[in-house]
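Take a look at the structure below.
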Amino acid sequence: MLGLYANDVLCRTAIGKGFSEGGDYDRHGFHKMLEEFQELLAGFSIGDFFPSMEFIHSLTGMKSRLQHTFRRFDQLFDKIIKEHLNLEREKEKHKDLVDVLLDTQKNKEGEISLTMDNVKAIMLDLFAAGTDTTFITLDWGMT
Numbered sequence: 247m248l249g250l251y252a253n254d255v256l257c258r259t260a261i262g263k264g265f266s267e268g269g270d271y272d273r274h275g276f277h278k279m280l281e282e283f284q285e286l287l288a289g290f291s292i293g294d295f296f297p298s299m300e301f302i303h304s305l306t307g308m309k310s311r312l313q314h315t316f317r318r319f320d321q322l323f324d325k326i327i328k329e330h331l332n333l334e335r336e337k338e339k340h341k342d343l344v345d346v347l348l349d350t351q352k353n354k355e356g357e358i359s360l361t362m363d364n365v366k367a368i369m370l371d372l373f374a375a376g377t378d379t380t381f382i383t384l385d386w387g388m389t
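Counting from 1, position 79 in the sequence shown corresponds to residue 325 in the working numbering; the numbering is continuous, with no gaps.
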């Protein structure tokens, strides 16, 4: 329950829709992607300890699972960005993170220049870092 709440707040901040009301995103398996992403990155990686043994991930299928999950995230983020760029989209009273990042990207005169890959990477970092840690902190605080 706390995990869903944490995801809901994160989604509202990042994409302007709650996790539970993301409806269309859940059709893409957003919740399952987050779980698999965390499972893959939090698990033991022999390549972190022995870089010469990195090839083992190809043999175990971990590398292909991770690449598949990244591709799915990339497709989902493309869809979210496309929705935010849609001129017919109903503008929110408050901007979400994607709106701010896209505005920063459009502003060529600023100090920061963002590519679309940078925008997607920031979104992925937010979900990867914010989902589990927020839930764990809430859980710890309630015990």
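For each residue, glycine too, the CB sits at the ideal point set by N, CA and C.
What you are looking at is a predicted structure, and each value in this text was computed from that prediction instead of being measured.
Hey, would you say G262 sits closer than 8 angstroms to D349, going by beta carbons?
Along the sequence shown, one-based indexing puts residue 262 at 16. Along the sequence shown, one-based indexing puts residue 349 at 103. Not in contact: G262 and D349 (Cβ atoms no closer than 8 angstroms).
What are the boundary residues of the alpha helix (DSSP H) that F283 is part of?
Against the sequence shown, residue 283 aligns to sequence position 37. Residues 276-288.
Are M279 and F323 close, meaning C-beta to C-beta below 8 angstroms?
By 1-based counting over the sequence shown, the position of residue 279 is 33. By 1-based counting over the sequence shown, the position of residue 323 is 77. Taking 8 angstroms as the Cβ cut-off, M279 and F323 do not qualify as a contacting pair.
Going by alpha carbons, who is nearest to A374 out of L286, G264, T361?
What you label residue 374 is simply residue 128 of the sequence shown in a count that begins at 1. Here the closest residue by C-alpha is L286.
How is the alpha helix (DSSP H) around M308 delimited, first residue to last?
Indexing the sequence shown from 1 puts residue 308 at position 62. Residues 308-331.
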